[in-house]
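Participant: Heads up, the sequence shown is in the working numbering, so the first residue is 1036 and it goes up one at a time.
A single structure is presented below for examination.
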Amino acid sequence: MAPAAARARHPISPASQVTSIGVNAYLWRASLDALSFAPLLQADSAGGVIITDWYANPQNPGERVKLTVAILDRDLRADAIRVSGSRQVAQNGAWVDAPMQAATVQRVEEIILTRARDLRRTAISGE
């Protein structure tokens, strides 16, 4: 253990204790916000991957979706995010894979990007 005098000369700064994530922080936060309606199976900030568990909307219990968001860059850009999804429908008491509309995935991407831009704007303006 270092002597007390050495520790006093070299205090640990708060900044050195903060861990950073491996992807754009605004996209990460926006993705978590956008997917907050569903339970999460995985949220890996270092790798930039968020995976939801299956989620069924209470208004449409015969259908469920599972989404994966991959954040691909540290920059806030439209091509830095990729959303994919799976959809299942209930048939004869079992869940059966069904196609997910591309528009649904695109809409989730738009929601995330809009939220990320809003978060960035708020951070810059200091609100």
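Virtual Cβ for every residue (Gly too), placed ideally from N, Cα, C.
1. With distances taken between CB atoms, is the gap from Val1100 to Ile1116 smaller than 8 Å?
2. So, using beta-carbon positions, are Ile1146 and Ala1069 closer together than 8 Å?
3. Roughly how many angstroms separate the alpha carbons of Gln1126 and Thr1139, rounded to a whole number?
4. In this structure, how does DSSP classify Gln1136 when only helix, strand and coil are distinguished?
5. Going by the CB atoms, is the gap between Gly1083 and Leu1107 shorter than 8 Å?
6. Drop a sphere of 10 angstroms on the beta-carbon of Ile1011, count the other beta-carbons inside from all chains shown, and report buried for 16 or more, exposed for fewer.
7. Just the Cα atoms here: how many angstroms apart are Leu1075 and Gly1128?
8. Of all the alpha helix (DSSP H) runs that stay within the bounds of the stretch 1108-1160, which reach a length of 4 or more residues?
9. For the beta strand (DSSP E) holding Ala1105, just list the boundary residues, first then last.
10. Quick check on Ala1073: does DSSP put it in helix, strand or coil?
Facilitator: Considering the structure as presented:
1. Counting from 1 along the sequence shown, the entry for residue 1100 is found at position 65. Counting from 1 along the sequence shown, the entry for residue 1116 is found at position 81. With contacts defined as CB atoms closer than 8 Å, Val1100 and Ile1116 fail to qualify as a contacting pair.
2. Residue 1146 sits at position 111 when you count from the first residue of the sequence shown. Residue 1069 sits at position 34 when you count from the first residue of the sequence shown. The answer is yes: Cβ separation under 8 Å.
3. Counting from one through the sequence shown, the residue named residue 1126 turns up at place 91. Counting from one through the sequence shown, the residue named residue 1139 turns up at place 104. Taking the straight line from one Cα to the other gives about 22 Å.
4. One-based indexing of the sequence shown puts residue 1136 at position 101. Coil, per DSSP.
5. Position 72 of the sequence shown holds residue 1107. Position 48 of the sequence shown holds residue 1083. The Cβ atoms of Leu1107 and Gly1083 sit closer than 8 Å to each other.
6. Residue 1011 cannot be examined here, being either before or after the span of the chain that is shown, 1036 to 1162.
7. For the purposes of this step, residue 1075 is taken as the residue at position 40 of the sequence shown. For the purposes of this step, residue 1128 is taken as the residue at position 93 of the sequence shown. CA-to-CA, the gap between Leu1075 and Gly1128 works out to about 25 Å.
8. Within the stretch 1108-1160, the complete alpha helix (DSSP H) runs of at least 4 residues are 1137-1160.
9. Here residue 1105 is taken as the residue at index 70 of the sequence shown, counted from 1. It spans Glu1098 to Ile1106 - the beta strand (DSSP E) in which Ala1105 sits, taken as one unbroken run.
10. Translated into positions along the sequence shown, residue 1073 becomes position 38. Secondary structure of Ala1073 (DSSP, three-state): coil.
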